[in-house]
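Accompanying notes for the structure given below.
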Amino acid sequence: MNLTDILKDRYSVKQFDATKKISDADFKQVKDVLRLSPSSINLQPWHFLIADTPEGKARIAKGTEVSFPFNTPKILDASHVIVIAARTHADEAYLTSILEQEDKDGRFAAQEFKDQVQGGRKMFVDLHKYDLKDLSHWMEKQVYLNMGALLLGAAALGIDACPMEGVDVKALDKEFDLHEKGYTALAVVSLGYRKDTDFNAKLPKSRFSEETIITKL
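Just so we're aligned, residue 0 is where the sequence shown starts under numbering that gives the first Met the number 0, counting upward by one.
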């Protein structure tokens, strides 16, 4: 695998081939990317709604019907579609649930290490909640780390993707009762395989040069 070639080949698909489906084996790896992606203090403040049926994709497409109809086909024609949602809060119960999962997975050799992790995690959450007052925004940034990993992981599997902020997140929140469950929608990512007629596949990739964006110290 040549990572540079993969990065050059991937792009935001504008037309999906509705006849092509992602295999169960490949999509299992996509779900592993979602679950294993990094987040600050292992907060994992995300949830994902996945649709691969016409009925499920139609529900997600409700988020494009009014203001973003140009994105509707990218949802309906894709193989799989993911609504990416962020937590709206990180209370004591949630922090404890992370800690107990870490304990179950064998991350603590002694109780003192478990206590230290819980104290450190609470310190950072309180910092963003009370001092910086940006807890929701900070958690959303962690979710975008996950979306970046998703796009690269899908490309490594030869799966095409289209990340979309051009969706009505309020409509998605309402459709899936996300607020009641402690989440809010951020974006949608469609996955599948590009159509031969997709114009964007034929355009050259455009990025700033290495000299422009990297300073060697």
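Cβ coordinates follow ideal geometry from the N, Cα and C atoms, glycine included.
Proximity to M0 across G181, E179, V166, L156 peaks at L156, based on C-alpha coordinates.
Comparing C-alpha distances from F15 to each of A109, P44, P162 shows the shortest one belongs to P162. Of all alpha-carbon atoms in P72, A160, T95, the one lying nearest the alpha-carbon of R193 is that of A160.
Counting only the Cα atoms, G181 lies some 10 Å from A84. A contact is defined here as three or more CB-CB pairs under 8 Å, and the stretch 68-87 fails this definition with respect to the stretch 109-123. Taking a C-beta distance under 8 Å as the contact criterion, M138 and A60 do not qualify as a contact pair. The count of Cβ pairs closer than 8 Å, one atom from the stretch 92-104 and one from the stretch 3-21, stays below three, leaving the stretches out of contact. Rounded to the nearest whole angstrom, the C-alpha separation of K113 and H127 is 22 Å. Rounded to the nearest angstrom, the gap between the Cα atoms of G55 and P44 is 23 Å. With respect to G191, V32 sits apart: the two C-beta atoms are not nearer than 8 Å. By the neighbour-count criterion, in which a residue is buried when 16 or more other Cβ atoms sit within 10 angstroms of its Cβ, G62 is buried. For Y10 and R206, the gap between their C-alpha atoms comes out near 12 Å. DSSP places F107 outside any beta strand (DSSP E), giving it a letter other than H or E.
Positions of the beta strand (DSSP E) runs, each at least 3 residues long and wholly inside the stretch 144-169, are given as 159-163 in order along the chain. A Cβ-Cβ distance of about 7 Å is found for the pair L94 and Q117, placing them in contact under the 8 Å criterion. Rounded to whole angstroms, the gap between the alpha carbons of A170 and N70 is 15 Å.
Minimum Cα-Cα distance from S39 among the listed residues K140, L202, A200 corresponds to K140. Checking the DSSP bridge columns, you'll see G55 has no partner listed.
Per DSSP, R34 is one residue of the alpha helix (DSSP H) stretching across 23-35. In this structure S78 is not in contact with A148, their Cβ atoms being roughly 19 Å apart against a cut-off of 8 Å.
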